[in-house]
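Here's the structure we're looking at; comments come further down.
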Amino acid sequence: MKKFVITALAALLVGACVYPYKPELEEKDLEKQLVVDGKILVGGTSTITVNYLQPLNASSAGIPLAEAWVEDDKGNKYYPDNDHAKGSYFVIQMPWAPSDAQYRTVIKCDAETYVSAWLTPDPAPEITDIRFTADEGYVHVLADLDTHMERPGNYGFMYEETWEFHSDFYPELFINPDTWEYYQPMGGYPFFWCYKSVASQGLVLLGTESLQADGGIIRGVPVKSFARTDTRNHRKYSILVKAFALSREAYNFNRQLEEMAEIGGDLFTPDPGALPSNVVCESNANKKAMGMVLVGNVSSKRVFFTSPYLIRRNATADFVDVPQNEMSYYYYELNYRPVQKVAGEQGTFNGWAPHRCINCVEAGGTLEKPYFWE
């Protein structure tokens with residue numbers, strides 16, 4: 010029996026955390042089998058991601074070219090931002106979608122039509138507060154919820170982070186790549202401060218078994234943590250938290266993925282066919298599909314935070330002594346740049362560092378201020 014390892018399922022459904030999930034499957038089970046990850050957030054932004062199962066001994070199973078949209082039982086259809094363009098990732102704005110309708114996802118791929126089950130979104134919990142605490146090494150983002158229910162259910166969180174940060178160094182020395190001569194900069198340096206944004210890829214899960222609720226109020230839900238040395242602490246940090254109720258099926262599905270990661274994943278890991286799925290191939294009953302589409306009303310809350318918890322990282326170890334000779338060209342090609350004169354045990358030298366250490370754009374930021382920034 011030819012055996013394969015699934016990598017696409019865990020990577021697709023939990024985002025940045027790549028779980029080492031390795032069940033045995035027959036080769037015939039992997040033929041263009043589609044994996045779907047859908048989050049229909051009524052009143053917010055929905056996303057649909059599709060992929061193929063990935064055999065271990067294949068460099069790539071290819072990227073699906075699909076069409077996808079959301080529809081409700083009232084006859085409305087909600088199309089991606091890129092309209093009917095084909096791809097594997099779709100963003101759908103649904104701010105005015107009715108909360109009392111049923112919803113499903115429709116996907117057309119490989120001349121087949123896949124649909125998720127019709128689901129009614131449960132009421133979203135209200136995010137009443139977002140606050141920050143810190144211990145010796147980390148800053149923690151905590152949220153309080155009002156579920157408006159005597160017996161709270163299961164919930165999922167997503168978040169979008171944005172922060173203003175600076176590069177490790179403010180350069181005091183430049184080099185002309187035409188003459189390889191050093192010079193002092195004139196005027197202000199525009200690449201010291203930047204903005205950076207990232208979004209959560211997987212779900213932060215909160216299940217009934219872990220709840221400490223008081224009359225429907227849940228306090229201190231851990232949403233995000235980051236190191237005190239992180240650039241999020243440089244000047245101002247913002248987080249937009251989105252909360253929604255999860256069905257028991259959707260909650261169990263995501264919990265099982267987490268448990269697979271915790272046990273390490275090997276050839277004895279449960280077959281992914283044992284995972285619950287609410288996606289089927291409508292046009293061909295013999296075609297299998299995997300994954301989960303969840304539906305929920307969404308509530309959101311954004312807060313800004315000026316961190317008092319920064320612990321500065323000593324980055325001077327990044328300096329390289331670059332003499333004014335052919336080594337300048339060598340390090341310049343390696344994307345190093347001069348920073349400043351540095352006093353060392355052997356005297357003063359020209360300190361160079363990776364370009365990202367003096368240029369916040371190179372470090373993944375942007376100079377454009379977000380539209381919502383205070």
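First residue of the sequence shown? That's 10 in our numbering, and the numbers climb one at a time after it.
Glycine is no exception: its CB is placed at the ideal position from the N, C-alpha and C atoms.
This one's a predicted model, so the numbers in the text were calculated from it and none came from an experiment.
The straight-line gap separating the alpha-carbon atoms of Pro186 and Trp78 is approximately 51 Å.
Spanning the alpha carbons of Met336 and Thr188 requires a straight line of approximately 13 Å. Apart from sequence neighbours up to five positions away, the residues of its chain that approach Glu170 with a beta-carbon distance below 6 Å are Val207, Ile248, ordered along the chain.
The residue from Lys251, Thr238, Pro285, Arg244 with its alpha-carbon nearest to that of Tyr260 is Pro285. Inter-residue distance for Gln42 and Tyr88 is about 24 Å (C-alpha atoms, whole angstroms). Pro134 sits away from Tyr168, with the two beta carbons spaced by 8 Å or more.
The count of Cβ pairs closer than 8 Å, one atom from the segment 140 to 154 and one from the segment 94 to 102, stays below three, leaving the stretches out of contact.
Going by DSSP, Ser308 is part of the beta strand (DSSP E) stretching over 298 to 314. In the displayed model, Gln265 falls within a helix according to three-state DSSP.
Restricting attention to Phe174, Ala298, Lys251, the CA atom closest to the CA of Asn242 is found in Phe174. With respect to Val370, Tyr112 sits apart: the two C-beta atoms are not nearer than 8 Å. Boundaries of the beta strand (DSSP E) around Tyr123: 121 to 125.
DSSP places Met167 in the uninterrupted beta strand (DSSP E) bounded by 163 to 175. In the three-state DSSP reduction, Asn185 falls in the strand class (E or B). Just so you know, the alpha carbons of Val150 and Leu62 end up roughly 35 Å apart. DSSP links Gly356 through a beta bridge to Gly353. The beta strand (DSSP E) runs of length 3 or more contained entirely in the segment 45 to 102 are, from start to end of the chain, 54 to 61, 76 to 81, 98 to 102.
Beyond the five residues adjoining it in sequence on each side, Phe201 comes within less than 7 Å, by CB distance, of His175, Ser176, Tyr179, Cys369 in the same chain, given in chain order. By the beta-carbon neighbour count (other beta carbons within 10 angstroms, threshold 16), Pro317 is exposed. Between the segment 294 to 309 and the segment 116 to 133 there are three or more C-beta pairs closer than 8 Å, enough to call the two in contact.
In this structure, the straight-line span from the alpha carbon of Arg228 to that of Gln355 is close to 57 Å.
By the Cβ-count criterion, Pro231 is exposed, with fewer than 16 other Cβ atoms from all chains shown falling within 10 Å of its own Cβ.
The DSSP-derived three-state label of Ser247 is strand. When only Cα atoms are considered, Leu154 and Pro161 end up about 10 Å apart.
Going by DSSP, Glu342 is part of the alpha helix (DSSP H) stretching over 335 to 342.
In this structure, the alpha-carbon of Gly53 lies about 15 Å from that of Glu80. For a cut-off of 8 Å, the C-beta gap from Phe313 to Val250 is around 13 Å, too long to register as a contact. Tyr198 has its alpha-carbon roughly 24 Å from the corresponding atom of Pro332. 8 Å or more divides the Cβ of Thr114 from the Cβ of Ser292. Counting along the chain, Asp155 sits inside the beta strand (DSSP E) bounded by residues 147 to 155. In this structure, the alpha-carbon of Thr156 lies about 57 Å from that of Met195.
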